[in-house]
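Asks: Residue numbers (full-length UniProt numbering), protein chains in the order written: chain A, 1 to 503; chain B, 1 to 350.
Just so it is clear, CB atoms sit at the ideal spot from N, CA and C, and this is done for glycine as well.
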Amino acid sequence: MSLGSVPLKYKVTIDREQCMHCMRCIDNCSYGVYHKEDDRIIIDSRKCTACHHCISMCPRDAISLKERPVDYRSHPLWTAEAREDIINQARTGKIILAGMGNAKPYPVIFDRLVLDACQVTNPSIDPLREPMELRTYLGKKPSRLEIDKKDNGDIELKTKLTPNLKLETPIMIGHMSYGAISLNAQLSLAKAVEKTGTFMGTGEGGLHEAIYPYQKNMIVQVASGRFGVDINYLERGAAIEIKIGQGAKPGIGGHLPGEKVCQDVSCTRMIPLGSDAISPAPHHDIYSIEDLAQLVRSLKEATEWKKPVFVKIAAVHNAAAISAGIARSSADAVVIDGFRGGSGATPKVFRDNVGIPIEAAVASVDQKLKDQGIRNKISVIASGGIRNSADIAKSIALGADAVYIGTGALIAMGCRVCGQCYRGMCPWGIATQRPDLVERLDPEVESEHVANLIRSWTLELSELMGAAGINSIESLRSNRSRLRGYMLDEGTLDVLQVKPVGA
Amino acid sequence: MCGIIGVIDRKRALMDGSSIRDALSLMNERGSGEGAGYAAYGIYPDYQDCYAIHVFFDNLVEPKSRVEEMLHKWGRIVHQEAIPTYEQDGLKKSHIPWRYFFKPYSDLMAGSTTPEDDVMKYIVMETNSNIQGALIFSSGKNMGVFKASGWPEDVANFYRIEDYKGYIWLAHNRYPTNTPGWWGGAHPFNLLDWAVVHNGEITSYGTNRRYVESNGYTCSMFTDTEVVAYLFDLLGRRHGLPEDIVVKALAPPFWDEIDNMPEKEQELNHAIRLTYGPALMNGPFAIVVATHEGIVGFTDRIKLRPLVIGENGNRLYISSEEAAIRVMDPEVQNIHMPRAGEPVIGRLNI
Ligand code: SF4
Ligand code: SF4
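So, in structure tokens, the structure goes:
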């Protein structure tokens, strides 16, 4: 007997009184929910992903969408999702793929941390009238300065600083490769970081020629697949990032299906047209921290020690020890990607169950580096699930120098977090290579949206700092005394090194 | 709140403690009777080669023997005695102030360029974090801190501060706002030769504290001023930076100013900010720090707390209020206010 089908997830309806038969919904839905029969618009709700493209383009606000109109027998353990996953796997025998971040209702630590503000004895600072410094330098810093004071009072600086990245705001855009996202999406992000004086990651997909004009704001990534990596690529980046792991899929590699490897992607990635791009789980030349240190040094050597090299790992329970190892190599920054990090495509079981929250990971990394007296040797970048400026302020207070945002920047370009990125049909022209869909995304317009997001979060961050009586980002970094934990258990508070509310 | 005052005689002429007591009492509106204290340099000429260790003991049995056990292990006690005190109606005696004159064995701290200082620093950190009932609140050579919970006159009279003669004096009248008023929390804060008085609140405390702790200091006195003493010890003594550079690290120029500096100066200031970012202090403050060689006063980068300077011949005064300086020295001249973050340095010139 057949297993039959699982119930549809969303129910789409059109208010026929409102509808003006413009048929835009048919054009807009890349998943084929709508089609025309005679003069009627027919709806196949089963195909809907709740991407909202049709809704946002409907001139008459005629479309409504509802989640899950069908109930199973309620059961606390055997949730609808658990049952449906089993039915789908029983039918296919395959790994379930997913896009975007962890979709399980774990409590968000950020939401249980509150920031401090000044009252009376320490005045708050008004960022509109007083200078507020968010400028951030990423890279190694010496643990002390050597200077020579001459008899005539002149001071000679003997310590030479290693190259650092200079950011006007501690907000960067994380790595999303060409392949995972469209060229127009990358272009929008690139223009946005140029406008706001910050940086973005190329992801592991190489650097497309169209991005060359923005190369001074790009961090080029070297992943296990080494796609697109040659000396030209390394030289173009403002910094280089070695990707060991990713928050949405710690411990596994990546896979870009051959169908997505069009001419342009094939050139940029330096792989044959139509071939699957598989990045293995490990780097096949890195099996120890010493191997990693060698790769860091080789990349530095290749670029004449002029560029900072970052190492990105997924937040896992021993991230702190690994980071301490990375700090002792020649690396300039460690990127910790939390378990809520987004993904173009990943096995659902990884996305939802592997890794740890970024809040805990950053706090423990910062703590370990402090304990070992090597915090200055390396910058810490937090990413994976940062949703607003408060999350940024909290990440910095927990010990990050800067953050990467990913999903947030995509939402600024239209993404509705439908989670179907892996299917390559993103109706917003973001997670797709289909020319007709990519065309929908106008880099001029969307770059302004993304830049606006960075600007507004930067403003909010300075307001939060001002309220805490702090006028330079250095003094927020790792400042645990400006945080309090609300309804967090003792163990977590201990890891975060944060006192409970009222204490 | 809080009233601070410091004075140096650049030619080492000694001043007794009576005038600074009067000056501090003038600023009683800046205090709450919960803490006052004095630091004086040059007061122990007979023991000038020894570290003068001032300790608050809760009793003279357990904690005292534990402290002495440690002192015996690390060096030699040349002399010890109770610090003379005189009961005051307005002051409740909560601890027994004691002093040791101590010489560490320098060969016990291998690999240090300042072994005696490092032994002493270690003893202070160990005692204050691990020996219940003992708190070392002063540990420099030929100098001493005298402090308690009470009004400035009462604290001064309790120690009979006029009996001490020093060439540098610091004093502090406390208005605690975010930590309890207790003897250990009164200023000045001291480590080795560094003594600090502070008016304000350090909003970057969490960052600064973690920074000094990762460099081997333990903050045990529940107040933000403690870290200032440790920051000066770390940057000034261990990193060997001159005072004006230490101040540049703690209250650096804004990036806008740095960007407009001549190239060489820019490079130096850039390097200071990058290297000493975690030492940067935020929040409203006016601070005076002393060592045996001089004093330095400075405020936060946007000057949220007052600081006034006055001079008279070899004397340099730094205080929260002009009136306080005038009480000490009615003839004072050249009264002025430094710019935000600008260090005012008074150095011995003999
Ligand atoms: S998939 Fe998107 S465009 Fe298609 S019907 Fe659903 S919401 Fe509309
Ligand atoms: S990028 Fe596109 S496919 Fe992916 S979640 Fe966002 S809207 Fe959906």
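Which residues end up in the neighbourhood of ligand 2 when you take C-beta atoms closer than 6 angstroms to any of its heavy atoms?
Replies: The answer, residue by residue, is C51/A, G99/A, M100/A, L410/A, C415/A, R416/A, V417/A, C418/A, G419/A, Q420/A, C421/A, C426/A, W428/A, I430/A, A431/A.
Asks: Assign Q433/A to one of two classes, buried (16 or more other C-beta atoms within 10 Å of its C-beta) or exposed (fewer than that).
Replies: Buried, by the Cβ-count rule.
Asks: Along chain B, in chain order, which residues have C-beta atoms closer than 7 angstroms to that of I486/A?
Replies: Correcting the residue identity first, residue 486/A is Tyr in this sequence and not Ile. Those within 7 angstroms of Y486/A in chain B number zero; the least Cβ separation is about 18 angstroms.
Asks: Return helix, strand or coil for Q433/A, following the three-state DSSP convention.
Replies: Coil.
Asks: How big is the Cα-Cα spacing for P163/A and I244/A?
Replies: Distance between the alpha carbons of P163/A and I244/A is about 23 angstroms.
Asks: Return the CA-CA distance between M425/A and L437/A, expressed in angstroms with no decimal places.
Replies: Approximately 8 angstroms, taken between the alpha carbons.
Asks: Does ligand 1 have a heavy atom nearer than 6 angstroms to the CB of C48/A?
Replies: Yes, the Cβ of C48/A comes within 6 angstroms of a heavy atom of ligand 1.
Asks: Note down, in chain order, each residue of its chain lying with its Cβ closer than 7 angstroms to the Cβ of L191/B, except the 5 sequence neighbours on either side.
Replies: For L191/B, where only same-chain residues beyond five positions count, the Cβ hits under 7 angstroms are K121, V124, S139, A229, Y230, D233.
Asks: With a threshold of 7 angstroms between beta-carbons, can S478/A be considered close to chain B, or not?
Replies: Interface residue, yes.
Asks: Is the region 460–474 of chain A close to the region 181–200 of chain B, with three or more CB pairs under 8 angstroms?
Replies: The region 460–474 of chain A, when compared against the region 181–200 of chain B, does not touch it at the 8 angstroms Cβ threshold.
Asks: With DSSP run on the structure shown, which of helix, strand or coil describes P338/B?
Replies: Looking at P338/B - three-state DSSP - the assignment turns out to be coil, as it is neither helix nor strand.
Asks: For a cutoff of 7 angstroms on Cβ pairs, would you count T127/B as touching chain A?
Replies: With 7 angstroms as the cut-off, T127/B does not count as an interface residue toward chain A.
Asks: Determine the closest residue to N122/A out of R482/A, P500/A, H284/A, I454/A, with distance taken between C-alpha atoms.
Replies: The candidate whose alpha carbon is nearest that of N122/A is R482/A.
Asks: In whole angstroms, give me the CA-to-CA distance for P250/A and R340/A.
Replies: Distance between the alpha carbons of P250/A and R340/A is about 11 angstroms.
Asks: Assuming I55/A contacts I14/A under a Cβ cut-off of 8 angstroms, what Cβ separation, rounded to an integer in Å, is found between them?
Replies: Wrong, their Cβ atoms sit about 11 angstroms apart, outside the cutoff.
Asks: How many Å lie between V120/A and A333/A at the Cα?
Replies: Going by the C-alpha atoms only, they are around 38 angstroms apart.
Asks: Comparing alpha-carbon positions, which option in I454/A, V495/A, G101/A, A302/A lies nearest V193/A?
Replies: Comparing Cα-Cα distances from V193/A to each of I454/A, V495/A, G101/A, A302/A, the minimum goes to I454/A.
Asks: Give the DSSP-derived three-state secondary structure of M57/A in the structure shown.
Replies: Here M57/A sits in helix by DSSP.
Asks: Quick one: Cα of D163/B to Cα of V145/B, how far?
Replies: Those two C-alpha atoms are separated by around 14 angstroms.
Asks: Residues in the region 257–278 of chain B with C-beta within 7 angstroms of chain A's C-beta atoms, listed in sequence order?
Replies: From the region 257–278 of chain B, only E267, L268, A271, I272, L274, T275, G277, P278 have a Cβ closer than 7 angstroms to chain A.
Asks: To the nearest angstrom, how far is it from the Cα of V67/B to the Cα of A52/B?
Replies: About 14 angstroms.
Asks: Thinking G373/A and N208/B are a contact (beta carbons under 8 angstroms), I'd like their distance in whole angstroms, please.
Replies: With 8 angstroms as the limit, G373/A and N208/B do not qualify as a contact, their Cβ atoms being about 15 angstroms apart.
Asks: For the alpha helix (DSSP H) that N269/B lies in, which residues bound it at each end?
Replies: Where N269/B is concerned, the enclosing alpha helix (DSSP H) stretches over 263–275.
Asks: Please state whether DSSP places H292/B in a helix, a strand or coil.
Replies: If DSSP states are grouped into helix, strand and coil, H292/B belongs with coil.
Asks: In whole angstroms, give me the CA-to-CA distance for F254/B and K160/A.
Replies: Distance between the alpha carbons of F254/B and K160/A is about 21 angstroms.
Asks: Beta carbon of H53/A: closer than 6 angstroms to some heavy atom of ligand 1?
Replies: Yes, the beta carbon of H53/A sits closer than 6 angstroms to at least one heavy atom of ligand 1.
Asks: Count the CB pairs spanning the region 224–231 of chain A and the region 198–216 of chain A that are closer than 8 angstroms, and state whether there are at least three.
Replies: Result yes; three or more Cβ-Cβ pairs closer than 8 angstroms.
Asks: For H239/B, which residues in chain A fall below 8 angstroms Cβ to Cβ?
Replies: Correct list: R144, L145.
Asks: Tell me where the beta strand (DSSP E) around I336/A begins and ends.
Replies: That run of the beta strand (DSSP E) goes 333–337.
Asks: Give a yes or no on whether the minimum CB-CB distance between T121/A and chain B is below 7 angstroms.
Replies: Yes, its Cβ sits closer than 7 angstroms to a Cβ of chain B.
Asks: For chain B, is any of its Cβ atoms less than 7 angstroms away from the one on L493/A?
Replies: It does not; no Cβ of chain B falls within 7 angstroms.
Asks: My output table needs one value for H35/A: the three-state DSSP class, helix, strand or coil.
Replies: It is a strand residue.
Asks: Using a threshold of 6 angstroms, is the CB atom of N215/B nearer than that to any non-hydrogen atom of ligand 1?
Replies: Outside the cutoff, so no.
Asks: What residue from A363/A, P127/A, V261/A, S329/A has the CA that sits closest to D401/A's CA?
Replies: Nearest C-alpha to D401/A: A363/A.
Asks: When you measure from the CB of N102/A to every non-hydrogen atom of ligand 1, does any distance come out below 6 angstroms?
Replies: No.
Asks: In chain order, what residues of the region 233–249 of chain A put their CB closer than 8 angstroms to some CB of chain B?
Replies: The region 233–249 of chain A vs chain B, Cβ under 8 angstroms: nothing.
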